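Going by my numbering, the sequence shown opens with residue 12, and the numbers climb by one from there.
Even glycine gets a Cβ: it sits at the ideal position worked out from N, Cα and C.
Since the model is a prediction, treat every value here as computed from it, not as a measurement.
Reading through the structure tokens given below for one structure.
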Amino acid sequence: MIDWLYNMMIVLIAAIWIAQLRGKPLLRRRPISPRAKVLVGVALWLMFILSATLFVANYAYLERSHDVDDAVQAAVDGFLDGTNPYEAPIVPRFAEMGHFAIIGGTGDGTIEWAYGPYNYLPVDLLVYSAAFLLLGGLGSPGWFIAANVIFTVASFYILNRMLRLKWTTFAPLAGCAAVLLAFDNSSLTLMLMVSAMYLRKTSEFAPRQLSIIMLGLATLTKVFAVIPLAVLVLYDLQDGIGRRDRRLLLQSAAAVAACAVIAIVMIVPFGLSHVLDSTVFIYSSGEVREDRPMGGTILSELIPDSPYYSLITLVTIAGTLLAGLKFKSQHDRVILVALAFLLVSVKSTLAPFTVPLLYLVLRADEAHRAEPDDGVKKR
12 MIDWLYNMMI VLIAAIWIAQ LRGKPLLRRR PISPRAKVLV GVALWLMFIL
62 SATLFVANYA YLERSHDVDD AVQAAVDGFL DGTNPYEAPI VPRFAEMGHF
112 AIIGGTGDGT IEWAYGPYNY LPVDLLVYSA AFLLLGGLGS PGWFIAANVI
162 FTVASFYILN RMLRLKWTTF APLAGCAAVL LAFDNSSLTL MLMVSAMYLR
212 KTSEFAPRQL SIIMLGLATL TKVFAVIPLA VLVLYDLQDG IGRRDRRLLL
262 QSAAAVAACA VIAIVMIVPF GLSHVLDSTV FIYSSGEVRE DRPMGGTILS
312 ELIPDSPYYS LITLVTIAGT LLAGLKFKSQ HDRVILVALA FLLVSVKSTL
362 APFTVPLLYL VLRADEAHRA EPDDGVKKR
């Protein structure tokens, strides 16, 4: 059944992006009264306190209604014991989509587990294994939650180094994000993506190349990080060709080669075919899709069993990548491809939303700083 929350979020993000394209950015240089600032700050802190309170009060249900922590724990245990989690079927995942309702679910039903190999790439496995060795004393899933909170807080700290907003209003937003991502290893992917954009903006040494390599590491945690990676590589290549700058082209090629080398070093020890089959090609056939939890997105509801599902997905993503070449802003390109990715994904998971949301914020900030200063003091 179609996931209305998931698809309404896509519509909302698209609407905000289109408004930005029409010259109506989220952030404007407008004077804000001290009273309004106080009210906004109080509202944000109340929102964080409420979300944290609900998290604590419903902790038992939240622990039961998520399977990512169980999957990561099983993979880490297996890896540290010498088992290849990309080959052995040791990782438990919910056998069907929508096992628990987000709102109003009791979580009292019997969980049906489907065991298989690990579905996240090696950098994810290695980082969380290290986190377990450091934080394992907190118990499970305490160590996993602590690691995700650290990654999310680090992400927002780095993000605010670019946005330069006052922490009195930015901190509660970071806190809300930490609560939302407490059971989601997308927090690690988010941290690497934000780090990539920070390096691209602030590094004095090879900013473009470092950002591409950092995005390569992000892609080795979750596959959806390939969206900004592919967009930025094409952006730099197009820029180098337009300028006829051989040095820039060679630097971009070297960064891509470095990503490939890192990927090989990370993946080969676990078995190239095992890793690719369990993380990248897991939904590439109709038979596999029938045996895995999927659904909720537009394409997965229209043609779930079609042998052309993967082909349609690839053509859609490739088409939006090419269409994005018409946009001057790299942020617009990422948002376009990310929205297309969400529409053709095999299941309605909220994790990939970190990509368009991050780049919406960066685009809004970019538009804000590009506005002419009309006498209003900068933030």
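query	result
Just the C-alpha distance for W124 and A378, rounded to the nearest angstrom, thanks.	47 angstroms
Tell me W124's beta-bridge partners as DSSP assigns them.	F105
Would the beta-carbon of L354 fall within 8 angstroms of that of L310?	yes
Tell me the rounded alpha-carbon separation between G60 and R33.	It is worth fixing the name first, because residue 60 is Ile in this sequence and not Gly. Spanning the two alpha carbons is a distance of roughly 35 angstroms.
Based on the DSSP output, what are the partners of K358 in its beta bridges?	G306
Below 8 angstroms CB to CB, which residues in the same chain sit around V276 once its five sequence neighbours on both sides are set aside?	none
Would I28 be called buried (16 or more neighbouring beta carbons within 10 Å of its own) or exposed?	Note that residue 28 corresponds to Trp in the displayed sequence, not to Ile. W28 is buried by the Cβ-count criterion.
Taking all protein chains shown into account, decide if F90 is buried (16 or more other Cβ within 10 angstroms of its Cβ) or exposed.	buried
Under the rule that 16 or more other beta-carbon atoms within 10 Å means buried, what is L283, buried or exposed?	exposed
Could you check which residue in G186, N130 and T179 has the C-alpha nearest to that of A157?	G186
Using the C-alpha atoms, what's the distance from M225 back to D80?	25 angstroms
Below 8 angstroms, how does it come out for the segment 139-146 and the segment 168-184: are there three or more Cβ pairs, yes or no?	no
Nearest to I346 by CA position, among F281, V279, F235 and D288, is which residue?	F235
Counting Cβ pairs, one atom from each stretch, are 3 or more of them under 8 angstroms apart for the segment 207-214 and the segment 252-259?	no
Taking only beta-carbon positions, decide if A141 is within less than 8 angstroms of chain B.	Of the protein chains in the structure, only one exists, and it is not chain B.
Hey, would you say A351 sits closer than 8 angstroms to I328, going by beta carbons?	yes
Alpha carbon to alpha carbon, how far is S222 from S214?	9 angstroms
Go ahead and label F216 buried or exposed: buried means 16 or more other beta carbons lie within 10 angstroms of its beta carbon, across all protein chains shown.	exposed
Can you grab the Cα-Cα spacing for the pair V272 / V237, in whole Å?	16 angstroms
Going by alpha carbons, who is nearest to T163 out of S151, F194, T331 and I101?	F194
Expressed to the nearest angstrom, what Euclidean distance is found between the alpha-carbon atoms of R219 and Y370?	17 angstroms
Does the separation of the CB atoms of Y168 and F281 fall below 8 angstroms?	no
Give the DSSP-derived three-state secondary structure of I114 in the structure shown.	Bear in mind that the predicted position of I114 carries a pLDDT of just 41, short of 50, making it too unreliable to give a figure here.
What is the rounded straight-line gap between the Cα of A26 and the Cα of L136?	36 angstroms
Considering only their Cβ atoms, is the gap separating M173 from D316 smaller than 8 angstroms?	no
Hey, how far is the Cα of V366 from the Cα of V49?	30 angstroms
Can you tell me the Cα-Cα spacing of V242 and V326, whole angstroms?	15 angstroms
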